[in-house]
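Engineer:
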Amino acid sequence: MTHPFDVRLEALTAGARSSSCEQTQRPRSAAGRTFFIETFGCQMNDHDSEKVAGVLLARGYRPVDSPDAAQVIFYNTCSIREKAAQKVFSRLGQFKAGQDAGKVIGVLGCVAQQEGEEIFERAPWVSLVCGSASYRKLPELLAQIEEGKRRVTGLDTDTDETFETEVTRRDHPFRAYLTIIEGCDKKCAFCVVPYTRGPERSRSSASVLDEVRRLGDLGYSEVQLLGQTVNSYRDPSPRRVSFAELLDAVGRVPGIRRVRFTTSHPRDFGADIVQAMDANPALAEHVHLPVQSGSTRVLRAMQRTYTREGYLEKIALIRNARRSIGITTDIIVGFPGETEADFEETLSLMDTVQYDGAFSFKYSPRPNTPALHLDDPIPEEEKGRRLAILQERQRQIQTRRNEALVGQVFEVLVEGKSRRENQWAGHTSSNRVLNFSSPAENLLGEYAQVRVTRAGPNSLVGEHVT
Ligand code: 5AD
2 MTHPFDVRLE ALTAGARSSS CEQTQRPRSA AGRTFFIETF GCQMNDHDSE
52 KVAGVLLARG YRPVDSPDAA QVIFYNTCSI REKAAQKVFS RLGQFKAGQD
102 AGKVIGVLGC VAQQEGEEIF ERAPWVSLVC GSASYRKLPE LLAQIEEGKR
152 RVTGLDTDTD ETFETEVTRR DHPFRAYLTI IEGCDKKCAF CVVPYTRGPE
202 RSRSSASVLD EVRRLGDLGY SEVQLLGQTV NSYRDPSPRR VSFAELLDAV
252 GRVPGIRRVR FTTSHPRDFG ADIVQAMDAN PALAEHVHLP VQSGSTRVLR
302 AMQRTYTREG YLEKIALIRN ARRSIGITTD IIVGFPGETE ADFEETLSLM
352 DTVQYDGAFS FKYSPRPNTP ALHLDDPIPE EEKGRRLAIL QERQRQIQTR
402 RNEALVGQVF EVLVEGKSRR ENQWAGHTSS NRVLNFSSPA ENLLGEYAQV
452 RVTRAGPNSL VGEHVT
């Protein structure tokens, strides 16, 4: 499932920074060994992989483009839904022979945490299993592997530490991710994250701002602050900077022009965040605020800690802002016990809010979660029916909303160039994809003013205003 605003961009070429990393000392043992990381799941995982790559680079490993060419292969896994979790086992199946070729195969992330040493049973050729709450131990685990140890694990989640690296390999040339809070303490009944990523722990505001300053110096103008519940950020240092104050401070760092943040939990979403967005134009005009359901009864069963009305109050805060802020969401259909009437309430909430984008999913039972034992499961076929209805409704909403933008001019951070001549693509501040024509020689990484000429449900088309 891709985000409705996402399109595949052409390979980034001339002028694009391919990756950046700082220099460090390399221990000899691993020098020249090659690695490949495949990442599944959320942006948090993408960024964890960037940091894991940093750890490997700092030890002297060298990145290669394919698992075939790699001596060390890591899968950074996702277990948010059953399908995502299965993917890694099909990958591991393909690499059975890796053992003979002397390859080191590691499983990282949420499936690693969830399945633990069971992974060695299912795939005996795996030699490293490490959950995200133990990434700090990675250098130590790698050292053991380099010394020839066959099986190493990092499976503790009982930690108050965050994963900070000396070196981070940034894979996106124009948007830099940075984690500000790890783990999750909300106990949503459907969700594995509290069990796979451990308790909530925030980085100090000083450490976050240092990293943003370094990113500004490296030439990044867009940063995205990450956390499973990013707005639950609590500065552990005596400064006690609030999330809204941190957003503002990040937006004031020299060179930073767009600050994004994801994902927000409605419970911790307050007026101060909207006020910060209104006051500081460097904060991008977009809030991703997962609702999950429009029925208070289902929200209670999901242990979401807010009602339909409470959620709509948060939406009103955003809609009443001076700036026009795009709103996107996540929705689950077919949670146990969801009636037709509950589902209708979700559809009516979508009509009320008029989201600019929505990720929607069929409920998938997950190990360890409270919802696993709830009665009244919804048949797969019925979940599929509800999902199709919901997605069609959202498509119509997006089409109408996007059509209303024709004629307006937006600033686009240009991220891609199409094979077709004079065609470029990027995102608006509100995170809409805008494909546009321009005779300019090279726009990659620049901000362009673009007038919208046509609109579809998932993207806009326009022309460069010069
Ligand atoms: N089944 C279906 N969707 C889920 N999500 C999280 N857990 C599940 C599950 N068990 C969805 C939620 C969340 C998004 C990242 O994934 O909508 O916001």
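So for the sequence shown, the numbering used here puts the first residue at 2; every next one is plus one. Every residue gets a Cβ at the ideal spot worked out from N, C-alpha and C, and that includes glycine.
1. Could you name the residues that DSSP lists as bridge partners for L227?
2. Shortest alpha-carbon distance to R309 belongs to which of Q355, G295, Q225?
3. Classify P64 as helix, strand or coil using the three-state DSSP reduction.
4. Quick check: does the Cβ of P368 come within less than 7 Å of any heavy atom belonging to ligand 1?
5. Heavy atom of ligand 1 less than 7 Å from the Cβ of P291, yes or no?
6. On the three-state DSSP scale, how would you describe E246?
7. Can the beta-carbon of G446 be found less than 8 Å from the beta-carbon of F175?
8. With hydrogens ignored, establish whether the beta-carbon of R298 is closer than 7 Å to any heavy atom of ligand 1.
9. Spatial neighbours of A31 within its chain, please: C-beta separation below 6 Å, excluding the five flanking residues on both sides.
10. For ligand 1, is there a heavy atom less than 7 Å away from the beta-carbon of S365?
11. Just verifying my parser: in three-state terms, what is the DSSP assignment at Q87?
12. Should the segment 431-441 be called in touch with the segment 280-294, which here means at least 3 C-beta pairs below 8 Å?
13. Sorted by chain position, which residues of the same chain lie with C-beta nearer than 7 Å to T25's C-beta, five sequence neighbours on each side aside?
14. Could you please give the first and the last residue of the uninterrupted alpha helix (DSSP H) stretch that includes I319?
15. Would you say N46 and G110 are within 8 Å of each other, going by their C-beta atoms?
16. Nearer than 7 Å: is that true of the beta carbon of C182 relative to any heavy atom of ligand 1?
17. Would A134 and G55 qualify as a contact pair, given that the criterion is a beta-carbon distance under 8 Å?
18. Run through DSSP, which three-state label would N77 get?
19. Go ahead and pull the three-state DSSP assignment for R468.
20. Between I81 and ligand 1, is the CB less than 7 Å from at least one heavy atom?
21. What I want to know is whether the C-beta of D331 ends up closer than 7 Å to one or more non-hydrogen atoms of ligand 1.
22. Quick check: is any heavy atom of ligand 1 less than 7 Å from the C-beta of C131?
23. Determine the extent of the beta strand (DSSP E) in which R374 is found, giving its start and end residues.
24. Within its chain, find whatever has a CB closer than 6 Å to the CB of G252; leave out the 5 residues flanking it on each side and keep chain order.
25. Looking at C-beta atoms only, is the number of pairs between the segment 263-273 and the segment 213-220 that lie closer than 8 Å three or more?
26. Whose CA, out of L247, S205, F360, lies closest to the CA of Q225?
27. Is R137 closer than 8 Å to V73 when the C-beta atoms are compared?
Structural biologist: The structure says:
1. The partner list for L227 (beta bridge, DSSP) reads T180, T263.
2. G295
3. strand
4. no
5. Indeed, a heavy atom of ligand 1 lies less than 7 Å from the Cβ.
6. helix
7. Taking the C-beta atoms as reference points, F175 is found nearer than 8 Å to G446.
8. no
9. R60, G61, Y62, E147
10. Yes.
11. helix
12. yes
13. Summary for T25: the model assigns pLDDT 40, below 50, so the residue's position carries little reliability; its value from the coordinates is reported in the next sentence. Same-chain partners within the cutoff: A59, E167, V168.
14. Here the alpha helix (DSSP H) through I319 covers 309-320.
15. yes
16. In the sequence on display, residue 182 carries Ile and not Cys. Every heavy atom of ligand 1 is 7 Å or more from the Cβ of I182, so no.
17. no
18. strand
19. Beyond the ends of the chain as shown, which are 2 and 467, falls residue 468; an answer cannot be given.
20. yes
21. yes
22. The answer is no for C131.
23. The amino acid at residue 374 is misidentified as Arg; the sequence shows His. Taken as a continuous stretch (DSSP letters only), H374 belongs to no beta strand (DSSP E), as it is neither H nor E.
24. V260, N281, A283, L284
25. no
26. When only C-alpha atoms are compared, the closest one is L247.
27. Cβ atoms of V73 and R137: not closer than 8 Å.
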